[in-house]
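Residue numbers for the sequence shown follow the UniProt record's numbering, so the first one is 1 and each next one is one higher.
Before any comments, here is the structure.
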Amino acid sequence: MIGAANSWWQTLMTDTRYSRFLFYCLLLILLWLPLPFGSKPEWAMGLFQLLIGLLAGLWLVGLAFGKVALTDGFNRGRPVLLALSLVTVWLLVQSIPLPAGWVSQLSPVAYDAHARTASALGVWLPPDIPLSLDAFATRVHALLTLAYTLLFALTLLLVTDQHCMKWLAWAIVTGGAFQAFYGVISTLSGLEWGFFMPKEAGRGVATGTFVNRNSFAGHLEMTLAIGIGLLISQLQEHRARDRLEWLRNTLKTLMSSKVLLRAILAAMVIGLVMSRSRMGNTAFFSSLLVTGCLYAICRKKLSRGMIVLFLSIIVIDTVIVSQWFGLEKVVERIEQTRMDKELRADVNPVSLEIIGDFALTGSGAGTFYTTLPAYHDGTWCGFFDLAHNDYLQFPLEFGIPAFLLLAFSLVFGLWQAVRAMQERRNRLYIGMGFGSAMGVVALLIHSAVDFNLQIPANAGLFVVLLAIGVLARHLPTRMNGGGGAVRHR
1 MIGAANSWWQ TLMTDTRYSR FLFYCLLLIL LWLPLPFGSK PEWAMGLFQL LIGLLAGLWL
61 VGLAFGKVAL TDGFNRGRPV LLALSLVTVW LLVQSIPLPA GWVSQLSPVA YDAHARTASA
121 LGVWLPPDIP LSLDAFATRV HALLTLAYTL LFALTLLLVT DQHCMKWLAW AIVTGGAFQA
181 FYGVISTLSG LEWGFFMPKE AGRGVATGTF VNRNSFAGHL EMTLAIGIGL LISQLQEHRA
241 RDRLEWLRNT LKTLMSSKVL LRAILAAMVI GLVMSRSRMG NTAFFSSLLV TGCLYAICRK
301 KLSRGMIVLF LSIIVIDTVI VSQWFGLEKV VERIEQTRMD KELRADVNPV SLEIIGDFAL
361 TGSGAGTFYT TLPAYHDGTW CGFFDLAHND YLQFPLEFGI PAFLLLAFSL VFGLWQAVRA
421 MQERRNRLYI GMGFGSAMGV VALLIHSAVD FNLQIPANAG LFVVLLAIGV LARHLPTRMN
481 GGGGAVRHR
């Protein structure tokens, strides 16, 4: 038994098998991440952190044995890695006890909150207190941010060629397809199951294995974007010279994975429509339009294949197929948005006030539910654990400087994706640039009214999309016979 294990290890540590093994482990983590309620429960969040930490450790072992190395993609993504690392360090600083005098200078409101708590408990204010109003929650989010940073780094390190990029894209699409099929079948059958157990909320709408339909919709927005990018990579750039070539191309298309992929995308659009998520559907189609315009600007033209693809998504998926699955109900919800706002408490003005009080240091990652009650003015009722607006929650909890670092990271990744559409000649990298840009834009739109980036599965996939943008611009097209990278755009 021991001899067999040693033989397996020696085999694994030869050639490129070790890096491939790590790469497939990364794909398995990405496939697992959305399954347990979007990895939002604490046990699922902890498992995600453990798996990513273990994979990073295995990569370091491979580096020590000379089986893996730093890649050009990793070097190109260092600005984002630095920004995310600084945010992680800052969250740890938020959670550790600091001299009370320091806290009173850096965050007078946090100092007053700790003083009031000590007074209510009838104890003296400790000499050392954290900047965060909930140090434990902030430590949890610091570790989660570290996991996102490692996920970004591992994607850059393990996706080293076209083969890996295609596998990564198909893994993302496969995960989204499962969520769509599971959500649609669960809803249509009346079983109403979430993560392989009866739903406690969201009955009557598709949620996949997520708790919230908007989180489910946010996940589909990003997976659909990568799927569309894969389709773009398979489009023919030139017209057929005669009917025989046209027939040959048509038969080749029917026998390729393009037909299967197109059917999967249609099913995912149906899942998105059946979620009844107003902003989810709006974000998807708006991002398709915006990124399509960016593509036309970058490529300086729209080929017939691109036009047909866009029209098929809009006409076939939306107007025809989605009508059978309740598109009109989504439209009704959008039309009634004004009425819904009157019924739903709006805590955005209060959130802006809190940001002003914690502008420099933030109230502490994961403390929105702790901070908000102190500002209750009697205009709303209910419990808010999340802000329903990522543009408010991040600066409120992290502080404006840390929020700007996060904003820099996403702008950098988005810019890389756009440049990939403009610079590359390789169809796969052009398509992945499109998919990365579209997915990022979709979630940026959706985040204005929801909390997708507070769901680990969606935040993790968002980070992977940023890495795909970097890789789409900088990965080599092929390897030469001697193993050296040859850059063919």
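Beta carbons: idealized from backbone N, C-alpha and C, even for Gly.
Owing to the predicted nature of the structure, the values given are computational and were not obtained by experimental measurement.
Close-in-space but distant-in-sequence residues of the same chain around residue i (CB under 7 Å, 5 per side omitted)
i, result
"S39", "L33, M45, F48, P456 and A457"
"L144", "M45, Q49 and P456"
"G280", "N214, A217, G218, E221, L272 and H446"
"R76", "V470 and H474"
"residue 490", "Residue 490 lies beyond the stretch modelled for the chain, which goes from 1 to 489, so this question has no answer here."
"P97", "D128, I129 and P130"
"L81", "T149, F152 and A153"
"I291", "In the sequence on display, residue 291 carries Thr and not Ile. Result list for T291: F434, A437, M438 and V441, in chain order."
"E353", "Y375"
"P108", "none"
"K166", "L428"
"A459", "Y148 and L453"
Residues bridged to residue i [DSSP beta-bridge criterion]
i, result
"I264", "DSSP lists no partner for I264."
"D357", "Answer by DSSP bridge pairing: none, since D357 is not bridged."
"D128", "P99"
"P198", "W193"
8 Å contact criterion, which residue i and residue j should meet: CB distance rounded
i, j, result
"I172", "T138", "The Cβ separation is near 30 Å, so there is no contact."
"G208", "Q179", "4 Å"
"T187", "M268", "About 14 Å; that fails the 8 Å criterion."
"L55", "L26", "6 Å"
"A437", "A417", "4 Å"
"L91", "A142", "4 Å"
"A147", "L125", "Not confirmed; about 34 Å, so no contact."
"A387", "F451", "7 Å"
"L158", "L22", "6 Å"
"S19", "V93", "About 35 Å separates the two Cβ atoms, so there is no contact after all."
"G73", "L156", "4 Å"
"V211", "G194", "7 Å"
"D377", "V350", "7 Å"
"M421", "R262", "Not quite, the Cβ-Cβ distance comes to about 21 Å (not below 8 Å), so this is no contact."
"L288", "I270", "Not a contact, Cβ separation roughly 16 Å."
"A83", "L405", "4 Å"
"T361", "A110", "7 Å"
6 Å CB neighbourhood of residue i in its chain, flanking five on each side removed
i, result
"L372", "F384"
"G227", "V173 and L265"
"P79", "F412"
"F152", "V463 and A467"
"P395", "I355 and F403"
"L254", "Bear in mind that the predicted position of L254 carries a pLDDT of just 42, short of 50, making it unreliable; the figure below should be weighed with that in mind. Closer than 6 Å at Cβ, skipping near neighbours: no residue."
"A135", "S95"
"I400", "A359"
"A283", "E221, A442, I445 and H446"
"A113", "L133"
"I52", "A147, L150 and L151"
"V440", "L414 and L465"
"K301", "none"
"G202", "R213"
"G204", "none"
"K199", "E192"
"P36", "A44 and F195"
Own chain, CB closer than 8 Å to residue i, minus 5 neighbours either side, in chain order
i, result
"G326", "Caution is warranted here: a pLDDT of 49 is assigned to G326, below 50, making its placement in the model unreliable, and the coordinate value is therefore given only provisionally. Around G326: V273, M274 and R276."
"R424", "I430, G433, A472, R473 and R489"
"R427", "I232, S233, Q234, L235 and E237"
"E335", "Per-residue confidence for E335 stands at a pLDDT of 46, beneath the threshold of 50, marking its modelled position as unreliable; no derived number is given."
"L309", "I228, L231, I232 and L235"
"Q393", "S351, F368, L386, A387, F451 and Q454"
CB contact below 8 Å: residue i versus chain B
i, result
"F136", "In the displayed structure, chain B is absent; only one protein chain is listed."
Requested in this report: Count the CB pairs spanning the region 402 to 418 and the region 80 to 97 that are closer than 8 Å, and state whether there are at least three.
Outcome: yes
Query raised in the report: At what residue ranges does the region 32 to 114 contain a whole run of the beta strand (DSSP E), taking only runs of 3 or more?
Result: none
Query raised in the report: Do the region 104 to 122 and the region 173 to 189 meet, that is, are 3 or more Cβ pairs less than 8 Å apart?
Result: no
Query - Segment contact flag, the region 19 to 32 with the region 127 to 134, C-beta cutoff 8 Å, min 3 pairs - result: no
Query raised in the report: Quick one: complete alpha helix (DSSP H) runs, 4+ long, within the region 134 to 169?
Result: 135 to 158
Query raised in the report: What are the start and end residues of each continuous alpha helix (DSSP H) run of 4 or more residues lying completely inside the region 420 to 487, in chain order?
Result: 427 to 446 and 456 to 474
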